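Quick note: the sequence shown uses the numbering used here, first residue 394, plus one each step. We put the CB at the ideal spot given by N, CA and C, even for glycine. The structure displayed is predicted, hence computed values, not measured ones.
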Amino acid sequence: MTNDDTNQGNRRGNWRNRRRAAGARPHQDDTEAERRQRPPVMFRSRTQLATTYAPGVLFTWEGAKGICRSVPIDRGDAQVSDATRLLIFDGMKEIASTWFARGDGLRAPATVPIELILDDVFYDRNSQIVDRDWGRIFQLCDPGTMGYIPYPLVYRCGVCGRIRQYDTIADQARHPLPARCGDHEARWTQVDVVYVHWSGHLEPLSPYRNNYDANRRYVTRLTTCTCGGQEFTLSNQAPVFSDWRFICDSCKSPRDLKQPDPLTLEILERERANTGRNFERIEVNMLPVSYRANSAFYPQKGTFIEFRDRRVVELLLPQRQPDLLQRLAEIHRIPFASPSDDDIRAALADAGRAAEWDDYNDHCEMAERAVARGQTDRADGLRREADVIREAWFASHVVERGHVQSAALAAAVVQRGNWARRFDPIRLTIEHDRFVAEHIHERRTQHESIDVMEPDRLICDAVGDPVRLAQYQNTTGNLLRRTGLDQIVLIRGLPICEFSFGFTRVSSTPIYYREFNGRSVPMPVRLNAFPELPNGRRPIYVTQQRNEALYFKVDERRVKRWLAANGMQEADAEADKTLGAIYLEHYSDFGPFLDEFKEREGRGQAPRSLTAFVYLLLHSLAHQVMHALADISGLDRDGLGEHLFPADLAFVVYRKGMTPDLGNISAMWRNHAHDFLYRLLDQRLLRCGSGSLCDTRGGACPACIMVSEVTCLGGNQLLSRSALKGGPAPNWEPQGSPPLIGFFDPVLLHD
């Protein structure tokens, strides 16, 4: 911010520089007062405000008219359904839990203080368990506007280099930048370099030093030089920050750009006093970076498909494990010994509670009538009340629960509490069940869900002409068989929810490796919630979009043949079970970041497994679809998203974005459906421009099947063209593993 800009900003009514009225709060309370004032606001697209301009971001206006920091504005609660609210909180809890698990293992077997890994709003301070009353602490917000304030409040005279620093905006308003600096006219500009730390802390570049006071047991700020001088100049002519220096005006002694992070310093000093662990200065020293640097801010967010039915979350709660087992058994046709209605009625009669059966039946019948009238919310409420009545019978042991006839599945339901939520096949199975019910079957009557083998006029101009329609169906069916697909469904207006709830600095992942003296030292990156709203709650920015999508169901028999061809005989050995049931029974946790599958150069040791290969196949197919769709529809690859249902052998590719959906996917299918399917099979498009180099290093790179990290559900892991066209074994397997038979290999077309 230049001196001229500041002088113009002193006009009456300008929020950024207005003076405090008489009787203002003491200086130390300015930060709290500023938070409760309403700052000026800016308007951008919702997606930009929820991520690029989220609270804590540093940015500048067009024309470089000063650096500002985004701050949250309270615009009331966002209007979302109960199920969406539960899914947001569930997703945030899962992200925080996996973040903690990754950071806590950094010093194994020793632990890392939880304060270095998570903001304290994410966990209970007494139990240190990641579980809070999320609705009380957080507020769902519509990112329509965002506030901003000037930051950093450190200025340098362009003539002499003298530094002037303010602690608060009110401080600067009380004592504006002088027009003259010493014996010359001042040319004040903001210092556009800041200190950042992986704890999430951000500070202006300052000659003042943070220092731990062992007597008081907290960090204080030293605002003078060792000689007692308080005035400094900044020598910043050097091209690298390590050569910049603050110079004391009194004694001319230099200070380098080293500043300890106050939060980390206090925690590590306390840990040293309690446990005797010594720490290195590189653990606490902040990094000087340009405010424009990507490392200054990484928004943390989640994405999910919206569902109307709360049971998509409630069924996965620990206390609902018996109901979850029963539903999984129904979906995947696993034998389940359940008491019949007659058995339940008789048991209630014997206990003198026969009236409860009538009450339960009344709720079920009223729910069915509500569905027929289109009163879905009332129907959901009635079903929940019926579930409460039924659960009371089991809890009081009046009626014996049923049991699933699969010990492996029963064990998996218990163990899933330790699984990474993103890849949890049990959760994804329940979601797929509701997806098919809500987004395919229910939408069919409104023509918002169209099976491509039974098209409407909007996606096939052959409708109405029996001869042409038969030709279309014959060609499409043949291509689906060659591709190994059972079904493709076009969905219009698929509801997708994205939410951003916090940020990190320096790194977007839980561990940052700091290079120092030839060493790569791991540091725990702290996951921070966004700053408080004026009401004391933390904002979660929610964007909801309704865009077109394609749902793909893969041929189960073809997948079984492909697995057997690649040495996995589990499906053949258990021919009486569905592949989905086998997947659930054999699944072991992939981990939140698929670490087991990140090995390159053939150093991996992961055994070949059915679950990993099914996910590999679906993930590779989804990426191949995204590339083909982007090439033909005109949509950008980064504008597409994916969602996988591994146990159900299904996946969804959808358009992302808050701009109006122009029907690109519908238009693509109407005009180029067969070209699209041919592209999935085209051997030329299954090659890589990197040639054999990519083939020998896993069969996946940015030049072929990968997409951007932001778009990919699995961070471009568990992905390989070899799964589709055949080729070398994945690099996470031991050296010498047999090559893969591709899913598109013609020998797999028939039994």
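Whose C-beta lies closer than 8 Å to the C-beta of residue i among residues of the same chain, with five residues either side of it excluded?
| i | result |
| --- | --- |
| Trp591 | Thr897, Arg898, Val899, Ser900, Tyr905, Met916, Pro917, Val918, Arg919 |
| Leu479 | Arg703, Val706, Glu707 |
| Met1099 | His1016, Ala1093, Cys1105, Asn1109, Leu1112 |
| Ile737 | Trp750, Trp786, Val792 |
| Cys461 | Leu451, Phe452, Thr453, Trp454, Tyr541, Ile542, Pro543, Tyr544 |
Quick one: what's got a C-beta closer than 7 Å to residue i's C-beta in the same chain, skipping five residues either side?
| i | result |
| --- | --- |
| Pro536 | Arg439, Leu442, Ala443, Tyr934, Thr936 |
| Asp982 | Asn811, Trp812, Ala813 |
| Pro1127 | Gly997, Gln998 |
| Thr769 | Arg701 |
| Ala763 | Arg771, Ala772, Leu775 |
| Arg930 | Ile530, Phe531, Gln532 |
| Ser731 | Gln719, Gly795 |
| Asp1068 | Ile1025 |
Taking only the alpha-carbon atoms, compute the straight-line gap between residue i and residue j and give it to the nearest angstrom.
| i | j | result |
| --- | --- | --- |
| Gly528 | Asp470 | 11 Å |
| Cys1081 | Ala1060 | 28 Å |
| Gln864 | Asp858 | 10 Å |
| Pro632 | Thr696 | 41 Å |
| Ser913 | Ala922 | 28 Å |
| Arg437 | Tyr548 | 28 Å |
| Arg609 | Gly669 | 19 Å |
| Ala744 | Pro1039 | 44 Å |
| Tyr559 | Arg567 | 10 Å |
| Pro1131 | Thr869 | 34 Å |
| Ala803 | His832 | 29 Å |
| His725 | Glu847 | 26 Å |
| Leu533 | Pro932 | 6 Å |
| Asp585 | Asp467 | 29 Å |
| Leu499 | Tyr605 | 25 Å |
| Leu821 | His1012 | 14 Å |
| Val1046 | Phe828 | 13 Å |
| His1073 | Ile823 | Per the sequence presented here, residue 1073 reads as Leu, with His not at that position. Roughly 29 Å separates the two Cα atoms. |
| Gly1034 | Arg1048 | 6 Å |
| Thr617 | Arg685 | 29 Å |
| Asp1001 | Asp1041 | Residue identity differs from the one stated: residue 1001 is Arg in this sequence, not Asp. So the alpha carbons of these two residues sit roughly 20 Å apart. |
Relative to the C-alpha of residue i, which candidate in the options has its C-alpha closest?
| i | options | result |
| --- | --- | --- |
| Leu987 | Ile852, Gly449, Arg500, Cys1105 | Cys1105 |
| Leu598 | Asn608, Gln623, Arg557, Cys618 | Arg557 |
| Gly1108 | His725, Leu1009, Asp564 | Leu1009 |
| Ser628 | Pro1095, Cys620, Phe639 | Phe639 |
| His796 | Ala572, Ile727, Pro502 | Ile727 |
| Val806 | Ala974, Arg468, Ile510, Lys694 | Ala974 |
| Ala1096 | His1065, Gln1017, Gly1119, Leu1141 | Gln1017 |
| Leu1111 | Val1100, Lys1118, Pro1123, Gln1076 | Pro1123 |
| Ile562 | Pro571, Leu546, Ile889 | Leu546 |
| Glu699 | Pro543, Ser463, Thr477 | Thr477 |
| Asp642 | Arg555, Asp585, Cys574 | Arg555 |
| Gly895 | Leu1117, Gly496, Phe515 | Phe515 |
| Gly449 | Glu963, Gly1119, Pro924, Leu1078 | Pro924 |
| Tyr601 | Pro653, Pro903, Trp637, Ala494 | Pro653 |
| Asp1144 | Ala958, Ala1066, Ser1085, Leu972 | Ala958 |
| Ser635 | Phe828, Asp649, Leu511 | Asp649 |
For a test of your reading of the model: does the CB of residue i fall under 6 Å from any non-hydrogen atom of the ligand FMN? Yes or no.
| i | result |
| --- | --- |
| Asn519 | This structure does not include the ligand FMN; it has no bound ligands of any sort. |
Quick one: what's got a C-beta closer than 6 Å to residue i's C-beta in the same chain, skipping five residues either side?
| i | result |
| --- | --- |
| Arg836 | Ser842 |
| Ile819 | Arg809 |
| Pro655 | Asn603, Val612 |
| Leu872 | Leu1070 |
| Glu662 | Tyr605 |
List, from N- to C-terminal side, the alpha helix (DSSP H) runs of 4 residues or more that fit wholly inside the stretch 903-967.
The alpha helix (DSSP H) runs lying completely inside the stretch 903-967 and spanning 4 residues or more are 949-958, 963-966, given in chain order.
So, does the stretch 877-888 touch the stretch 1050-1066, judging by three or more C-beta pairs under 8 Å?
Counting Cβ pairs under 8 Å, three or more are found: they touch.
For the stretch 746-765 and the stretch 777-793, state whether three or more C-beta atom pairs, one from each stretch, are separated by less than 8 Å.
Touching, yes, given that three or more Cβ pairs across the two stretches are closer than 8 Å.
Whole beta strand (DSSP E) runs in the stretch 559-604 with 3 or more residues, listed along the chain?
Runs of the beta strand (DSSP E) lying entirely within the stretch 559-604, each at least 3 residues long, are 581-583, 586-589, 595-597 in chain order.
Would you mind listing the beta strand (DSSP E) stretches within the stretch 1007-1051 that are 3+ residues and don't spill past its ends, in chain order?
Whole beta strand (DSSP E) segments, 3+ residues: 1033-1038, 1043-1048.
For the 8 Å Cβ check, are there 3 or more pairs between the stretch 657-668 and the stretch 452-463?
As far as the Cβ criterion goes, the stretch 657-668 does not touch the stretch 452-463, which means the pair count is below three.
My parser needs the alpha helix (DSSP H) runs of 4 or more residues fully inside the stretch 736-775; what are they?
The qualifying runs are 747-765.
Quick check for students: name the residue ranges of the beta strand (DSSP E) that lie wholly in the stretch 422-484, counting only runs of 3 or more.
Qualifying beta strand (DSSP E) stretches, in chain order: 451-453, 460-464.
Can we say the stretch 956-970 touches the stretch 713-720, given the rule of at least three CB pairs closer than 8 Å?
The stretch 956-970 makes no contact with the stretch 713-720, as fewer than three CB pairs between them are under 8 Å.
Let me know the alpha helix (DSSP H) ranges lying completely inside the stretch 677-740, each 4 residues or longer, listed in chain order.
For the stretch 677-740, whole alpha helix (DSSP H) runs of length 4 or above, ordered along the chain, are 704-707, 714-724.
Let me know the beta strand (DSSP E) ranges lying completely inside the stretch 781-861, each 3 residues or longer, listed in chain order.
For the stretch 781-861, whole beta strand (DSSP E) runs of length 3 or above, ordered along the chain, are 842-844.
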